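Numbering (our numbering), first residue to last: 21 to 129.
Just so it is clear, CB atoms sit at the ideal spot from N, CA and C, and this is done for glycine as well.
It should be emphasised that the depicted structure is a prediction, and the values quoted were computed from it without experimental measurement.
Accompanying notes for the structure given below.
Structure below.
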């Protein structure tokens, strides 16, 4: 087992708080705005898959939450590993949603 500062395996929680704050500030506003009806100017030509893209970005944000919060809480190694595996599920869901949005934009769906 790897032991970091203060004896925990999760490292310094300050780094996880910073990563969570930055990801919240950068990843959350645009998909929430898209789901409420606003479309960014650079995506106005691809309207068909907008909601799928927004849900994909929210899945990536959920991945950061499910990986960061157990580490902030200094959870056990097993809990962190379970949450990390759940995060892989969110990543796979995001990939599927992005592929579906591209297919919808191309007229195939």
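Where the alpha helix (DSSP H) through residue i begins and ends
i, result
"residue 62", "Note, residue 62: premise wrong, no alpha helix (DSSP H); not H, not E."
"residue 85", "70-92"
"residue 48", "Careful: residue 48 lies outside any alpha helix (DSSP H) and carries neither H nor E."
"residue 127", "Unbroken run through residue 127: none, as it is neither H nor E."
Cut-off 6 Å between Cβ atoms - residues of its own chain near residue i, not counting five sequence neighbours on either side
i, result
"residue 125", "66, 68, 69"
"residue 34", "none"
"residue 117", "72, 75, 76"
"residue 57", "none"
Closest by C-alpha distance to residue i, when choosing among the options
i, options, result
"residue 105", "90, 117, 122", "90"
"residue 43", "61, 30, 86", "86"
"residue 76", "98, 36, 47, 57", "47"
"residue 45", "99, 108, 84, 64", "84"
"residue 79", "112, 49, 120, 121", "112"
Cβ-based neighbour list, residue i, same chain, cut-off 7 Å, excluding 5 preceding and 5 following
i, result
"residue 74", "51, 54, 55"
"residue 82", "110"
"residue 88", "36, 39, 40"
"residue 107", "83, 86, 87"
"residue 100", "30, 90, 91"
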